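Q: Here the protein sequences come in this chain order: A and B. Take the first sequence: its position 80, counting from 1, is numbered 80 in UniProt numbering, and each next residue is one higher. Take the second sequence: its position 59, counting from 1, is numbered 59 in UniProt numbering, and each next residue is one higher. Every residue, glycine too, gets a C-beta built ideally from N, C-alpha and C. Since we're looking at a predicted model, the values are computed, not measured. Quick one: structure below, then a few questions.
2 protein chains.
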Amino acid sequence: MTYQTGEGRIKAIDSVLTAIRGKETAVLTTHTNSDGDGVGSEIALAAWLRAVGTEAFIVNPTPVPQSFQFLIPDESWVVDSTSAEAQELCDGADVAVVLDTGVIPRIGRVRRLIDGLPTVVIDHHPPGDRPIEGVSFRDASASATGELVFDVIHRAGGPWPEIGDLAMYVAILTDTGSFRFSNTTATSLRIVAELVSRGVSPDEVYRRIYGTVPRRRFHLLESSLALLEVDEEAGIAWMTVPADQYDALGAIPDDLEGMVDYPRSVEGVEVGLLFRQIPRKGIKVSFRSNGAVNVNALARRFGGGGHVRAAGALIEGPMDQVRHDVTHATREAVELSRSGH
Amino acid sequence: MTYQTGEGRIKAIDSVLTAIRGKETAVLTTHTNSDGDGVGSEIALAAWLRAVGTEAFIVNPTPVPQSFQFLIPDESWVVDSTSAEAQELCDGADVAVVLDTGVIPRIGRVRRLIDGLPTVVIDHHPPGDRPIEGVSFRDASASATGELVFDVIHRAGGPWPEIGDLAMYVAILTDTGSFRFSNTTATSLRIVAELVSRGVSPDEVYRRIYGTVPRRRFHLLESSLALLEVDEEAGIAWMTVPADQYDALGAIPDDLEGMVDYPRSVEGVEVGLLFRQIPRKGIKVSFRSNGAVNVNALARRFGGGGHVRAAGALIEGPMDQVRHDVTHATREAVELSRSGH
Chain A
1 MTYQTGEGRI KAIDSVLTAI RGKETAVLTT HTNSDGDGVG SEIALAAWLR AVGTEAFIVN
61 PTPVPQSFQF LIPDESWVVD STSAEAQELC DGADVAVVLD TGVIPRIGRV RRLIDGLPTV
121 VIDHHPPGDR PIEGVSFRDA SASATGELVF DVIHRAGGPW PEIGDLAMYV AILTDTGSFR
181 FSNTTATSLR IVAELVSRGV SPDEVYRRIY GTVPRRRFHL LESSLALLEV DEEAGIAWMT
241 VPADQYDALG AIPDDLEGMV DYPRSVEGVE VGLLFRQIPR KGIKVSFRSN GAVNVNALAR
301 RFGGGGHVRA AGALIEGPMD QVRHDVTHAT REAVELSRSG H
Chain B
1 MTYQTGEGRI KAIDSVLTAI RGKETAVLTT HTNSDGDGVG SEIALAAWLR AVGTEAFIVN
61 PTPVPQSFQF LIPDESWVVD STSAEAQELC DGADVAVVLD TGVIPRIGRV RRLIDGLPTV
121 VIDHHPPGDR PIEGVSFRDA SASATGELVF DVIHRAGGPW PEIGDLAMYV AILTDTGSFR
181 FSNTTATSLR IVAELVSRGV SPDEVYRRIY GTVPRRRFHL LESSLALLEV DEEAGIAWMT
241 VPADQYDALG AIPDDLEGMV DYPRSVEGVE VGLLFRQIPR KGIKVSFRSN GAVNVNALAR
301 RFGGGGHVRA AGALIEGPMD QVRHDVTHAT REAVELSRSG H
């Protein structure tokens, strides 16, 4: 292996290894509504722990999404956090490991379950309010938490169960948007190179994650594209998901994944928006910036938030009104960025 | 740099370096209808040659596509192969380097121009009929010719002009379909890691290549999705580009890039097809396989060909007839693959 872990990470990794090595039972968890990085990191660490003799279980605040269930090698690895079994398991565990978040509110109902346990955090998010206490390996320069788990296993000298390699690849693939977001670094690419050299097949994984699209999603895309609007002069584009089609097709929130990238990728666009009616809740707006505009600030004006280039808000009011207000504010934000502010 | 060139490539690289080092003038060329790998490899090698004191010029059989013009740092690097200047340049050159193809028919009109020159081939395609003679570095295990150019410059110990790093990244990015085709290897990922560590920005390049989509392309996609058909049982899906919309939108062939990936990515599909009427020529059919079916063999039955997972054919006849014949043959091919043949 030609990969070398960055010097700056070694100390935190060693403290994590000290805290989790040689234990009988470990409980792993991640944030609510887990994604590829949360689940991938859990599976990779669990597979490694089991390979070195620790019984590792995954207890999440919300179920593993359907799209990442293929990473679970055996149902017995995952325990429903609402079950009596979960309570019993956590009562008898030696350590809890929180992955892909470092703050208390994000682990939901699992907080109570692991309250008395020594806790380890491995996470690549910026430190938030109400951090989880205990030993931690936090590094916001990492593309994904899966990258940090790789470093832990690498420092431990392996072993490298096959499912763990796949899971770490999925973690980095999904959190970097297939190696195209700005968090894609030389380090993350070196790590996926190692994973591929050990047998992970990029085209098979890609097909598994992005290449098995339910048919309804294409119909939803078709009817949403019919509502694509572009203001070329202002450098903004927006698309609306028609509520009647959404219902008629039996669509689910997963079907909207990546849809905001259509308006965002229109030639000359600085900010792309997606509007979607959520019954009894309001209009969900997704904001994507191509760099110049801080859409986190923009979304905050509507009670939402997120990252500088990707944010969202849930806004009350009729669709026409919300669309008018948001596109107006977005035009202003692009103009401001163009005038150098 | 942690990257190491594979031992198996060293001998060919050294023969190439001997052939191109210390020359006054070099002419670089690639195949007709060049792509990101052809143009990227040319720019990278030209930038390196110029940095070590050789005047390097690009003389292609067909113009550099609009989408890759941003890689050309100065117009004077590229000389029109139909001009008297090109003839004069080639007459006085010391060496010709053919990139991203190794066969005579593919370099079109440039063949006559470089006929009397010592010739070097750098290419990642399987050896074809009528190979170009001379010194060569051919390796079909490489994801892209840009990867082989990287190895040449790496072996030479640099220098690494910025535009060359960008050009090699584009070469590998485009030929691996953004690191998701089956040709994505640990070596290609290690190389892009090096390029990123030297300053290439994955999100900026991705946006440049895939994120500036002309508006008409979304309208064309919308009307094509309306003609998406799925035969779930057979495991095939096909989409037809409506000819009237294509004309009305003023679409160009570039606008169809990647469109066959929509039918291909439908859940449960083994083979995706795209049909398009070409005036006075017939129906252009694109075939994409998710692995089990050899679409090269399938396309050959219709007078076309290509690769095992990506092929095409131009078929005479009315749309309905061609679509019927091709979907019928595709169903048979999937069936055959399922029965284990």
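Just to confirm before moving on: does the CB-CB distance between Tyr246(B) and Pro202(B) stay below 9 angstroms?
A: It is not a contact, given that the beta carbons lie outside the stated cut-off.
Q: Of all the residues that make up the region 222-244 of chain B, which are near chain A by a beta-carbon distance shorter than 7 angstroms?
A: Those residues of the region 222-244 of chain B that come within reach of chain A (Cβ to Cβ, closer than 7 angstroms) are Glu222, Leu225, Ala226, Leu228 and Val230.
Q: In terms of alpha-carbon separation, which member of Val110(A), Pro105(A) and Thr54(A) lies closest to Val79(A)?
A: Closest option to Val79(A), Cα to Cα, is Val110(A).
Q: Since Ser136(A) sits in a beta bridge, which residues does DSSP pair it with?
A: Answer is Val121(A), bridged to Ser136(A).
Q: Whose C-alpha, out of Gly8(B), Arg130(B) and Leu117(B), is nearest the C-alpha of Thr101(B)?
A: Nearest option by C-alpha distance: Arg130(B).
Q: How far does the alpha helix (DSSP H) with residue 349(A) in it reach, from first residue to last?
A: This structure cannot settle anything about residue 349(A), because the visible part of chain A is limited to 1 through 341.
Q: Bridge partners of Trp238(A), per DSSP?
A: According to DSSP, Trp238(A) bridges with Glu229(A) and Leu273(A).
Q: Relative to the alpha-carbon of Ala86(B), which residue among Asn60(B), Leu274(B) and Gly306(B) has its alpha-carbon at the smallest distance?
A: Nearest option by C-alpha distance: Asn60(B).
Q: Between which two residues does the beta strand (DSSP E) containing Val192(A) stretch?
A: From DSSP, Val192(A) is part of no beta strand (DSSP E) but of the alpha helix (DSSP H) over Ala186 to Ser197.
Q: For Val98(A), which of helix, strand or coil comes out of DSSP?
A: The answer is strand: DSSP assigns Val98(A) an E or B state.
Q: Under 8 angstroms by Cβ, that's how I've got Glu42(B) and Leu113(B) pegged, so tell me the actual separation to the nearest angstrom.
A: The pair is not a contact, with the Cβ atoms about 15 angstroms apart (cut-off 8 angstroms).
Q: Give me whichever residues DSSP pairs with Glu55(A) in a beta bridge.
A: Note: Glu55(A) sits in a beta bridge opposite Thr25(A).
Q: Just the Cα atoms here: how many angstroms apart are Gly291(B) and Gly306(A)?
A: Spanning the two alpha carbons is a distance of roughly 39 angstroms.
Q: Comparing C-alpha positions only, which one of Lys284(B), Val293(B) and Gly40(B) sits nearest to Ser337(B)?
A: The option with the nearest alpha carbon to Ser337(B) is Val293(B).
Q: Buried or exposed for Val308(B), going by 16 or more other Cβ atoms inside 10 Å?
A: It counts as exposed.
Q: Just to make sure I have the definition right: I need the residues of chain B whose C-beta is within less than 7 angstroms of the C-beta of Glu267(A). Which are they?
A: What Glu267(A) touches in chain B: Thr212, Val213, Pro214 and Arg215.
Q: Are there 16 or more other CB atoms within 10 angstroms of the CB of Glu147(A), so buried, or fewer, so exposed?
A: Counting Cβ neighbours within 10 Å, Glu147(A) comes out buried, since at least 16 surround it.
Q: Cβ atoms of Thr5(A) and Ile13(A): under 9 angstroms apart, would you say?
A: Going by C-beta atoms, Ile13(A) is nearer than 9 angstroms to Thr5(A).
Q: Can the beta-carbon of Asp37(B) be found less than 9 angstroms from the beta-carbon of Ala193(B)?
A: Contact flag unset, no.
Q: With a CB to CB cut of under 7 angstroms and the five nearest residues on each side skipped, what residues in its chain are close to Arg208(A)?
A: Only Phe70 meet the Cβ criterion.
Q: Mark Pro253(A) as exposed unless 16 or more other C-beta atoms lie within 10 angstroms of its C-beta, in which case mark it buried.
A: Exposed, by the Cβ-count rule.
Q: Let's test the definition: count the other Cβ atoms within 10 Å of the Cβ of Arg217(A) and tell me whether it reaches 16, buried, or not, exposed.
A: Label assigned to Arg217(A): buried.
Q: On the DSSP letters alone, give me the boundaries of the beta strand (DSSP E) that Gly312(B) sits inside.
A: Element bounds for Gly312(B): Ala310 to Ile315.
Q: Report the partner residues of Gly306(B) according to the DSSP bridge assignment.
A: DSSP, once it has assigned bridges, lists Ala311(B) as partnering Gly306(B).
Q: Cutting at 8 angstroms between CB atoms, please list the residues of its own chain near His219(B), excluding the five before and the five after it.
A: Closer than 8 angstroms at the Cβ level, and outside the excluded window around His219(B), lie Gln245 and Leu249.
Q: In whole angstroms, what separates the C-alpha of Ile107(A) from that of Val322(A)?
A: Cα to Cα, Ile107(A) sits roughly 32 angstroms from Val322(A).
Q: Below 8 angstroms on the Cβ atoms is my guess for Met319(A) versus Ile283(A); work out the distance and round it to an integer in Å.
A: Indeed they touch by this definition, with Cβ atoms about 6 angstroms apart.
Q: Among Val285(B), Val27(B) and Asp35(B), which residue has its Cα nearest to the Cα of Ala47(B)?
A: Nearest C-alpha to Ala47(B): Val27(B).
Q: Leaving out five residues before and five after Gly134(B) in sequence, what residues of the same chain have Cβ atoms less than 7 angstroms from its Cβ?
A: Pro118, Thr119, Val120 and Val121.
Q: By DSSP, does Thr30(A) sit in helix, in strand, or in coil?
A: Three-state DSSP puts Thr30(A) in a strand.
Q: Classify Ile10(B) as buried or exposed, calling it buried when 16 or more other Cβ atoms lie within 10 Å of its own Cβ.
A: By the 10 Å Cβ count, Ile10(B) comes out exposed.
Q: Using 8 angstroms as the cut-off, can you tell me whether the region 222-238 of chain A makes contact with the region 230-238 of chain B, which would need three or more C-beta pairs spanning the two stretches below that distance?
A: Contact fails: fewer than three Cβ-Cβ distances are below 8 angstroms.
Q: Could you name the residues of chain A that Thr185(B) contacts, counting a contact when the two beta carbons are closer than 7 angstroms?
A: Neighbours of Thr185(B) on chain A, chain order: Val196.
Q: Once the 5 residues before and after Leu274(B) are set aside, which same chain residues still bring their CB inside 6 angstroms of it?
A: The residues are Met239, Met259, Val260 and Ser286.
Q: Relative to the C-alpha of residue 347(A), which candidate in Val295(A), His328(A) and Val196(A) has its C-alpha closest?
A: The question about residue 347(A) has no answer here: the residues shown for chain A are numbered 1 through 341.
Q: Quick one, which of Asp123(B), Ala237(B), Ala311(B) and Glu88(B) has its alpha-carbon nearest Glu270(B)'s?
A: Comparing Cα positions, the closest option is Ala237(B).
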